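Notes for the one structure printed next.
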Amino acid sequence: KKRELIVKKYRQAFSELPITVQKIPRSGVSSNHLFVIRTNKRDKLQKFLIRNNISSDIYYPYPIYRQPAFKHFYKSKLDVTESLTREILALPLYPHLNDKTQNYIIKHVRKFFN
Numbered sequence: 002k003k004r005e006l007i008v009k010k011y012r013q014a015f016s017e018l019p020i021t022v023q024k025i026p027r028s029g030v031s032s033n034h035l036f037v038i039r040t041n042k043r044d045k046l047q048k049f050l051i052r053n054n055i056s057s058d059i060y061y062p063y064p065i066y067r068q069p070a071f072k073h074f075y076k077s078k079l080d081v082t083e084s085l086t087r088e089i090l091a092l093p094l095y096p097h098l099n100d101k102t103q104n105y106i107i108k109h110v111r112k113f114f115n
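Numbers 2 to 115, taken from our numbering, label the letters of the sequence shown in order.
Given below as structure tokens:
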């Protein structure tokens, strides 16, 4: 339940920013394990967050089709997959994330884009 509230707050706070957040279909349910945003300024945003003592993560730095176990299944480059891989960034999301810390994160993400 706490993760749901954190995600809801992020979604509302970032709704006017030039980023994309995961869309969950009405019939779907998210575990809210990660809060991943998509922006073509991912690397600059991550550096900005680091400078402001905010953690973020790139869980999949290269596409699964390029990982050794799957490499032999794909002969061609997957351009859309490559693009998405360069644009996704996970923001802090954990049950003990308090309002003060989340507000600090939100403030700095907004500051970066404004």
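The beta carbon of each residue, even a glycine, is placed where N, CA and C say it ideally should be.
Treat the numbers as computed from the prediction; the structure is a model and nothing was measured.
Compute the beta-carbon to beta-carbon distance between residue i and residue j, rounded to the nearest angstrom, for a pair I have assumed lies under 8 angstroms.
i: I106; j: I55; result: 6 angstroms
i: Y18; j: S57; result: Note that residue 18 is Leu in the sequence shown, not Tyr. No, L18 and S57 are not in contact; Cβ-Cβ is about 15 angstroms, not under 8 angstroms.
i: L79; j: P62; result: Actually they do not touch by this definition, with Cβ atoms about 15 angstroms apart.
Is it true that the CB of residue j sits closer than 8 angstroms to the CB of residue i?
i: E88; j: R43; result: yes
i: N53; j: H109; result: yes
i: R39; j: L94; result: no
i: Y66; j: Y60; result: no
Which class does residue i belong to by DSSP, given the choice of helix, strand or coil?
i: R27; result: coil
i: F36; result: strand
i: A70; result: coil
i: L85; result: helix
i: D92; result: The sequence given here has Leu at residue 92, not Asp. Of the three classes helix, strand and coil, the one that applies to L92 here is strand, per DSSP.
i: E5; result: helix
i: Y75; result: coil
Where does residue i land, buried or exposed, given buried means 16+ other C-beta within 10 angstroms?
i: F36; result: buried
i: I25; result: exposed
i: I51; result: exposed
i: V81; result: exposed
i: V167; result: In the structure as shown, the chain starts at 2 and stops at 115, and residue 167 therefore has no counterpart that could be examined.
i: Y11; result: buried
i: F15; result: buried
Have a look at the DSSP bridge pairing and note the partners of residue i.
i: V22; result: I38
i: D100; result: Paired residue(s): none; D100 is not in a bridge.
i: D58; result: A91
For the ligand GTP, I want to know if residue i counts as a neighbour, meaning its beta carbon is within less than 7 angstroms of at least one of the ligand's heavy atoms.
i: R4; result: The ligand content of the structure shown is nil, which means the ligand GTP is not present either.
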